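Here is the structure we will look at.
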Amino acid sequence: MTWLWIALGSAIGGVGRYWASGLVAERVGAAFPWGTITVNVVGSFIIGFLATLTGPDGRLLVHPDARQFLMLGICGGFTTFSSFSLQTLTLLRDGEWLLAAANIALSVAACLAAVVLGHVAAAALNQLRGA
Amino acid sequence: MQIPREAVLLRIFIGERDRHHGRPLYEAIVLKAREAGLAGATVLRGVLGYGRSSRIHTAKILRLSDDLPMVVEIVDSDARIRAFLPELDGMIDSGLVTLERAEVLRYGTDES
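Structure (C-alpha cells):
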C-alpha cells in the first residue's frame, strides 16, 4: 500500500505547489520564476529536516510509509525540477542570458543551503536532552 | 535479577517494515522478551544492508530507504534464551537469527 501513500502525498504536495507558486508569482511578479524557486527551497528544507529527524540516527522512529508519504510524496509533489528546467529554457529562448544564469545559480545554491539548514535544525533536535 | 557470567547473545536481523499483529516486529519482539522476563533487549537501526533477497537497503538513497535493517539484541542465560526461541519462531517469517556466547561483565547497577 506504499504507492497509495505516495499518491496521496504527491497530490497534496502538487496542489500545495500550485497554490504556493501561484501566490508568490502573483505577489512578486512574473519576470523571474520566484514561485518555483520558493517551492523548491521550502521543499528542500523540509526533506533535509525529515531525513535527519527520521534517519537511522534520528530521534524519531516512524513507520516507513509515513516517511515515504512525507518525503517521496509531499516533498516530491511540492518541489519541481521540470518547471525549473522549462523556465530556464524559456529565459534562454528570450535571450535573457543573465536571468537564466541567475535562475540556475540561485536555485542550486538556495536549495542546497535549505537542505543543509533543514539537516542542521533536525540534528539540533536530535541532540536535545530530555525532550 | 542476575545474568550468569556465561551467557548467550541472541541477535535478530529483520527489517523496519516487518510487522507482527499490526505493530512493528522489533517492538513486538522486545515486548515479548520483557513478558518472558528476559534480562534485557536493545534495538538498533542499520544504515545499510542486504539479506537473503540481495536487495540493498540504504539510508543514502531515498527510494531504497523504506525498509532499513533492524537488529534486536537480547542477552540472557543459555536456558532462558533457548526457551524463548519457540516464541520467536511464531513471530518472524523472514529474517536472520543468530546465537553467540557472551561473557557478562556487568548488568545494571549493583543495588538490589
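Just so you know, the protein sequences line up as chains A and B, in that order. Residue numbers for the first sequence, in my numbering: 5 to 135. Residue numbers for the second sequence, in my numbering: 284 to 395. Even for Gly, the Cβ is constructed at its ideal location relative to N, Cα and C. Because the structure is a prediction, the values reported are computed rather than measured.
Please report the straight-line C-alpha distance between residue i and residue j, rounded to a whole angstrom.
i        : j        : result
B/Glu386 : A/Leu110 : 58 Å
B/Asp301 : A/Pro68  : 10 Å
A/Arg4   : B/Thr341 : Outside the shown range of chain A, which is 5 to 135, sits residue 4 of chain A, and nothing can be said about it.
A/Val66  : A/Val45  : 24 Å
A/Ile50  : A/Ser14  : 15 Å
B/Glu289 : A/Phe82  : 56 Å
B/Arg384 : B/Gly298 : 24 Å
A/His123 : A/Thr56  : 6 Å
A/Met75  : B/Leu382 : 37 Å
B/Val354 : A/Ala126 : 24 Å
B/Thr392 : B/Gly323 : 14 Å
A/Val19  : A/Gly39  : 14 Å
A/Ala105 : B/Gly329 : 41 Å
B/Arg389 : B/Met284 : 12 Å
A/Gly33  : A/Gly26  : 10 Å
A/Glu100 : B/Thr325 : 59 Å
B/Ser336 : A/Asp98  : 52 Å
B/Glu356 : A/Cys79  : 35 Å
B/Arg306 : B/Asp376 : 15 Å
A/Tyr22  : B/Asp372 : 50 Å
A/Arg31  : B/Leu345 : 34 Å
B/Arg317 : B/Asp349 : 28 Å
Which same chain residues, not among the five before or five after residue i, have their C-beta less than 8 Å away from its C-beta?
i        : result
A/Arg71  : Leu54, Thr58
B/Met374 : His303, Leu308, Ala311, Ile312, Lys315
B/Glu370 : Lys315, Ala319
B/Ala366 : Ala319
A/Asn130 : Thr56, Leu57, Asp61, Gly62, Arg63
A/Leu116 : Ser48
So residue i contacts chain E; which residues on that side make the cut at Cβ distance below 7 Å?
i        : result
B/Val330 : This model lacks chain E altogether, as its protein chains are A and B.
Tell me the residue span of the beta strand (DSSP E) that contains residue i.
i        : result
B/Ala385 : 379 to 386
A/Arg133 : First-last for A/Arg133: undefined, no H or E at that position.
B/Arg294 : 289 to 298
Check whether the Cβ atoms of residue i and residue j lie closer than 8 Å to each other.
i        : j        : result
A/Ala24  : A/Val43  : yes
B/Ile286 : B/Ser360 : yes
A/Gly62  : A/Leu12  : no
A/Trp9   : A/Phe85  : no
B/Leu327 : B/Arg363 : no
A/Ser48  : A/Ala118 : yes
A/Leu90  : A/Phe36  : no
A/Pro60  : B/Leu292 : no
A/Ile16  : A/Ala114 : no
A/Thr92  : A/Ile108 : yes
B/Gly332 : B/Leu379 : no
A/Val112 : A/Gly52  : no
For the alpha helix (DSSP H) containing residue i, list its first residue and its last residue.
i       : result
A/Ala70 : 68 to 72
By Cβ distance, which residues of its chain are closer than 7 Å to residue i, with the 5 residues on each side in sequence left out?
i        : result
A/Thr6   : Asp69, Gln72
B/Leu347 : Ile339, His340, Thr341
Near residue i, which residues of its chain fall below 6 Å by C-beta distance, leaving aside the five closest residues on each side in sequence?
i        : result
A/Ser87  : Thr40
B/Lys343 : none
A/Leu96  : Ala104
Check: Of all the alpha helix (DSSP H) runs that stay within the bounds of the segment 309 to 375 of chain B, which reach a length of 4 or more residues?
Finding: 361 to 372
Enumerated in chain order, which unbroken segments of the alpha helix (DSSP H) with a length of 4 residues or greater are wholly contained in the segment 27 to 104 of chain A?
38 to 58, 68 to 72, 85 to 97
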